[in-house]
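Okay, structure first, notes after.
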Amino acid sequence: MTKKYLILVNDGPYGNERPYNALRVAMNLTKRDEASVRMFLIGDGVQCGISGQETPDGYYNIERMMKAVVRKGEVAT
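Residue numbers are given in the working numbering: position 49 of the sequence shown equals residue 88, and the series is strictly consecutive.
Dropping the structure here:
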């Protein structure tokens, strides 16, 4: 039985850890065969979907994490 997950991201990619944590959860869920993952980017969270961003020193690379989720899940804005 497939379990469906919807993850909302409404914060910008850098400045706090919420988008990072949401992407960590999504990446781990996409590794499970029984999971179907959708991410919905809303408000400032849409900035997480922009490619070619410069990652500030000391921050995680949101673009790389987002690509990992897109490979096996779905992302909508």
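Backbone N, C-alpha and C fix where the C-beta goes; we use that ideal spot for every residue, glycine too.
Give the DSSP-derived three-state secondary structure of residue i in the structure shown.
i      : result
Arg57  : helix
Arg203 : This structure gives no information on residue 203, because the portion of the chain shown stretches from 40 to 116.
Considering just the uninterrupted stretch of the alpha helix (DSSP H) at residue i, what are its terminal residues?
i      : result
Val109 : Ile101 to Lys111
Could you check the C-alpha separation between residue i and residue j for me, to the nearest Å?
i     : j      : result
Leu47 : Phe79  : 5 Å
Pro52 : Leu68  : 20 Å
Ala74 : Arg110 : 14 Å
Gly88 : Met105 : 7 Å
Tyr99 : Arg71  : 23 Å
Arg57 : Asp50  : 7 Å
Flag this pair as yes or no: are the beta carbons of residue i and residue j separated by less than 7 Å?
i     : j      : result
Arg2  : Glu113 : No statement about residue 2 is possible, as the shown extent of the chain runs from 40 to 116 and does not include it.
Met40 : Ala107 : no
First and last residue of the beta strand (DSSP E) that includes residue i?
i     : result
Val48 : Lys42 to Val48
Of the residues the options, which one's Cα is nearest the Cα of residue i?
i     : options                        : result
Asp83 : Lys42, Arg103, Tyr44 and Gly54 : Gly54
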